[in-house]
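Numbering (full-length UniProt numbering), first residue to last: 1 to 285.
From the three backbone atoms N, C-alpha and C, an ideal C-beta is built for every residue, glycine too.
Some notes on the structure that comes next.
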Amino acid sequence: MTVLSVCNHKGGTGKTTTTIHVAAALGLSGWRTLVIDLDPQGFLTHTMGIEEPPSDQSVAAFFDADADPGRIPIQEAAGFDLIPSSSTLTRRMRDLNKPTDVLWVREALQRLDLEYDLLLFDTAAAVTVYSLNALVASQHVLIPVLPEYQSVVGGEQTYQTTQLVENKLNPRLNTRQFLFTQVDARKRIHKTYREYIREKYGEKVLDTIVRTSTSLAKTRDGATTVFDHDSSSRGALDYANATDELVARLQSASEDASSEEAPAAAAPNDLSAEAAPEVSEMLNS
1 MTVLSVCNHK GGTGKTTTTI HVAAALGLSG WRTLVIDLDP QGFLTHTMGI
51 EEPPSDQSVA AFFDADADPG RIPIQEAAGF DLIPSSSTLT RRMRDLNKPT
101 DVLWVREALQ RLDLEYDLLL FDTAAAVTVY SLNALVASQH VLIPVLPEYQ
151 SVVGGEQTYQ TTQLVENKLN PRLNTRQFLF TQVDARKRIH KTYREYIREK
201 YGEKVLDTIV RTSTSLAKTR DGATTVFDHD SSSRGALDYA NATDELVARL
251 QSASEDASSE EAPAAAAPND LSAEAAPEVS EMLNS
């Protein structure tokens with residue numbers, strides 16, 4: 001199973017919209033796809049029209065030693081399956097401050113018998129114990145970036161965080177891809193920042209861009225995707241093309257990784273003495 005985190009430490013980048021539409025595009029292509037909403041605010045869960053479930057029937061069960069993640073009812077969304085978020089995550093965050101608390105999700109996934117081709121994590125627009133859990137459990141990262149100053153800064157900070165996680169916690173996290181979202185060709189600043197990111201990160205930037213689209217805006221409150229109500233729209237075409245390109249790159253990266261000896265990940269509830277201080281600093285910053 002391929003595991004992908006969708007992250008940007010800055011909000012307003014189209015992160016949740018991207019998670020939904022990549023998952024939906026994969027579903028339309030026949031991929032068995034699961035999304036786990038690790039954002040305590042649960043925007044993706046709410047956008048899909050799913051009411052907040054009891055905490056033991058949400059992703060919050062991943063962080064409860066007495067809960068059984070295998071008993072979480074998996075919800076059906078728009079072409080993909082979903083483990084919903086819960087406001088319990090916000091309350092629990094204060095207690096999840098030990099370095100080993102970044103390992104809960106990976107350990108939970110190791111205990112589950114999930115039959116999916118691809119799993120996506122939607123994460124909060126910040127460095128939290130939950131976003132770190134997602135990265136520790138992932139092989140790949142997609143960083144949606146609106147080509148404007150704050151979003152670009154957030155994207156670069158996210159990239160740096162993923163490097164730290166790879167070096168200290170999860171050596172299998174070796175693929176990062178930027179995706180430009182909400183691109184307006186009329187704005188000179190968008191062109192400037194797209195050129196900057198492409199020059200700096202090269203092949204780590206998808207060629208496909210997601211342009212501004214009224215069809216995408218219409219999906220935010222309707223528990224649907226752009227593929228449901230306007231499959232020929234600019235938003236649908238852009239996300240379909242971006243997903244195809246992303247899948248091709250992930251498959252290529254997986255083939256390259258399989259030809260090499262896979263690095264060992266830290267055992268559940270185990271962190272090196274070197275990693276623990278840096279993880280603690282991130283959790284308490």
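Contact between the region 60-78 and the region 105-118 is present, with at least three C-beta pairs closer than 8 Å. Taken atom to atom, the span from the alpha-carbon of Gln41 to that of Ala223 is near 17 Å. Leu28 and Phe180 do not touch by the CB rule: their CB atoms are close to 22 Å apart, not below 8 Å. Around the beta-carbon of Gln160, fewer than 16 other beta-carbon atoms lie within 10 Å, marking it exposed. His9 carries a coil assignment under DSSP once its states are collapsed to helix, strand and coil. For Thr16, the uninterrupted alpha helix (DSSP H) segment begins and ends at 15-28. Counting the other Cβ atoms within 10 Å of the Cβ of Pro147 gives 16 or more, which makes it buried.
Counting the other Cβ atoms within 10 Å of the Cβ of Gln75 gives 16 or more, which makes it buried. A contact between stretches requires three or more CB pairs, one per stretch, nearer than 8 Å, and the region 15-27 fails this requirement with the region 162-176.
In its chain, beyond the 5 residues on either side, Leu206, Asp207, Thr208 have a beta carbon closer than 7 Å to the beta carbon of Glu245. With a threshold of 16 other beta carbon atoms within 10 Å, Ile189 falls short and is exposed. In this structure Gly154 touches Asn8 by the C-beta definition: roughly 5 Å separates them, less than 8 Å.
Using a Cβ distance threshold of 9 Å, Ser5 and Ser215 do not count as a contacting pair. Rounded to whole angstroms, the gap between the alpha carbons of Ser131 and Arg234 is 30 Å. The criterion of a C-beta distance shorter than 9 Å is satisfied by Leu34 and Leu114. Rounded to the nearest angstrom, the Cβ distance from Ile20 to Leu44 is 6 Å, consistent with a contact under 8 Å.
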